[in-house]
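In our numbering, the protein residues as written are 2 to 297.
Here's the structure, in structure tokens; my notes come after.
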Ligand code: HBI
Ligand code: FE
């Protein structure tokens with residue numbers, strides 16, 4: 002997922018930062034300028050208002066417990082002071098996307114890599130690669146939740162020890178449809194679902210699409226079904242998978258992945274928008290009006 006038009010910018014960002022063998026760096030606090038803090042504040046304020054009534058309670062609780070401030074890009078050390086004693090997770094600063102094996106190694110050791118740099122003001126609505134707002138505001142609040150924390154750890158171990166390289170797409174789909182784009186049932190929501198996935202939480206357009214649009218399917222989570230389902234990175238999701246509650250992820254975390262991966266590795270994957278007769282469908286999408294992420 003390299004992005005040619007920001008590659009030059011990134012090279013400037015990374016110049017002079019000492020990257021360790023595990024791809025971590027010290028968060029370069031002195032490199033954040035007024036624009037970075039303003040972008041953080043704008044995104045934080047906008048998403049917090051938009052997510053009211055749309056995001057799960059566990060996420061809001063996480064934001065509160067981490068003492069995230071709308072005012073400026075947070076210090077990762079300050080976040081770790083709250084996070085580490087709560088669930089044993091810590092965040093580590095990285096220059097951006099890291100290789101899969103490095104990423105899994107971090108997760109398997111309860112370390113979540115957070116991209117240190119902030120997007121530019123003209124990228125508020127969409128950028129292709131994760132930045133500090135997506136990684137931090139999107140992912141970190143749920144890591145203070147014990148059940149979600151254990152799920153991420155189990156995921157990292159399963160991925161790290163999945164030695165058959167062909168199993169990686171199966172695991173990437175599980176990550177995509179839970180950690181990034183997961184929905185959870187909630188009777189208090191007008192449409193019966195709330196958001197927990199980081200790719201939704203950090204995006205205005207995907208927040209509205211996942212909650213309000215008639216276009217996508219919303220289908221009850223099923224581990225094998227999810228692992229077989231392809232995903233789109235260039236549009237809003239065609240299908241969201243909905244967990245009943247976080248205990249469902251607790252069960253997934255206890256799954257013996259090796260035989261499951263061995264069994265599914267040669268199965269033909271399902272297209273992103275397909276609905277199967279065996280699916281427990283919550284809302285069936287019209288499939289119309291797929292907006293691209295970039296449109297909102
Ligand atoms: N690196 N920094 C970072 N963040 C990610 O989310 C990430 C990554 N490297 C690989 C990766 N994700 C994928 O393998 C996951 O989608 C499974
Ligand atoms: Fe992410």
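Note that the Cβ used here is the ideal one computed from N, Cα and C, for glycine as well.
Since the structure is predicted, the reported quantities are computational estimates derived from the model, not experimental observations.
Near the ligand HBI: residue i beta-carbon under 6 angstroms from a heavy atom
i	result
residue 96	no
residue 104	yes
residue 176	yes
residue 101	yes
residue 142	no
residue 270	no
residue 170	no
residue 114	yes
Closer than 6 angstroms: residue i CB and nearest the ligand FE heavy atom
i	result
residue 173	no
residue 199	yes
residue 181	yes
residue 131	yes
C-alpha gap between residue i and residue j, whole angstroms
i	j	result
residue 253	residue 224	7 angstroms
residue 164	residue 230	21 angstroms
residue 266	residue 255	20 angstroms
residue 206	residue 58	21 angstroms
residue 80	residue 68	8 angstroms
residue 297	residue 15	In this prediction, residue 297 scores a pLDDT of 28, lower than 50, which makes its location untrustworthy; the coordinate-derived value is nonetheless stated afterwards. Near 29 angstroms, if we compare the C-alpha coordinates of residue 15 and residue 297.
residue 90	residue 159	17 angstroms
residue 115	residue 139	10 angstroms
residue 152	residue 251	6 angstroms
residue 28	residue 100	19 angstroms
residue 23	residue 189	43 angstroms
residue 88	residue 64	15 angstroms
residue 289	residue 61	32 angstroms
residue 37	residue 124	12 angstroms
Identity of the residues DSSP links to residue i by a beta bridge
i	result
residue 218	240
residue 113	92
residue 98	None, per the DSSP bridge assignment.
residue 186	194
residue 26	94
Short Cβ contact (7 angstroms threshold) for residue i with residue j
i	j	result
residue 93	residue 120	no
residue 105	residue 157	yes
residue 176	residue 185	no
residue 195	residue 56	yes
residue 285	residue 192	no
residue 243	residue 221	yes
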